[in-house]
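Asker: My questions all concern the structure below.
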Amino acid sequence: MLEVASRTAALLQSRGVDFALIGGLALQPWGRIRSTLDVDMVVFIPEANQPDFQDALVAAGFRLRTAAPVRLEHVSLLQSVLPHAASGLDIRVDFIFASSPFHRRILERKVTVAINDHAFPVASCEDLILLKLLGGRPIDRVDASELCQLNAADLDVAYLREQATAL
């Protein structure tokens, strides 16, 4: 999983794309360790540049699961898979386009951390909590609760309240 995340991050960096790791892998630096089956990233790519981005993904070996980003309630999502030669598995890589003020703020507040000797920009703990609460699945609620417990002393509670109210 980390190899796929690293390859994806390298591609994004080579194209000058502002991004942050979110989802299961991004929980690790904040103390929440759990398995995950995909790589999730929030990316800032202007809508006019998204077709070129999709072409770059395909050229780098990604297979797109949809011909265009899917518009969900709050976000546009591009789903892809990247074959992982060592395991023979296709690893899902989801790109959430930072089209809302909240998602752009995630990128402004990201931090660079090491995950098993790989450096990644990841969403702040507070923003991961908010993303998990927005997700609403049982595992998301558990993730949010664990992040709050593990990082209680360091959380910016005022920011959490302000953003939770706005969302």
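In this text, residue positions in the sequence shown follow our numbering: the first is 1, and each later residue adds one.
Ideal Cβ positions, reconstructed from N, Cα and C, are used throughout, including at glycine.
Since we're looking at a predicted model, the values are computed, not measured.
Just checking: is the beta-carbon of A86 within a distance shorter than 7 Å of some beta-carbon in chain B?
Answerer: As a matter of chain content, chain B is missing from the structure shown, which is built from one protein chain.
Asker: Leaving aside the five residues before and after F19 along the sequence, list all residues of the same chain whose C-beta is less than 6 Å from its C-beta, in chain order.
Answerer: Cβ within range, chain order: L12, M41, V43.
Asker: Do you know how far the Cα of L2 is from the Cα of A119?
Answerer: Using only the alpha carbons, I get a separation of about 10 Å.
Asker: Classify V157 as buried or exposed, calling it buried when 16 or more other Cβ atoms lie within 10 Å of its own Cβ.
Answerer: Flag for V157 reads exposed.
Asker: Can the beta-carbon of S76 be found closer than 7 Å to that of P83?
Answerer: No.
Asker: Beta-carbon within less than 7 Å of A144's beta-carbon, same chain only, minus the 5 sequence neighbours each way: which residues are those?
Answerer: Cβ neighbours of A144 beyond the five flanking positions: I129, K132, L133.
Asker: Report yes if the C-beta distance between A67 and V39 is below 7 Å; otherwise report no.
Answerer: No, they are not a contact pair.
Asker: If you follow the beta strand (DSSP E) that Q79 is in, where does it begin and where does it stop?
Answerer: Per DSSP, Q79 belongs to the beta strand (DSSP E) from 76-84.
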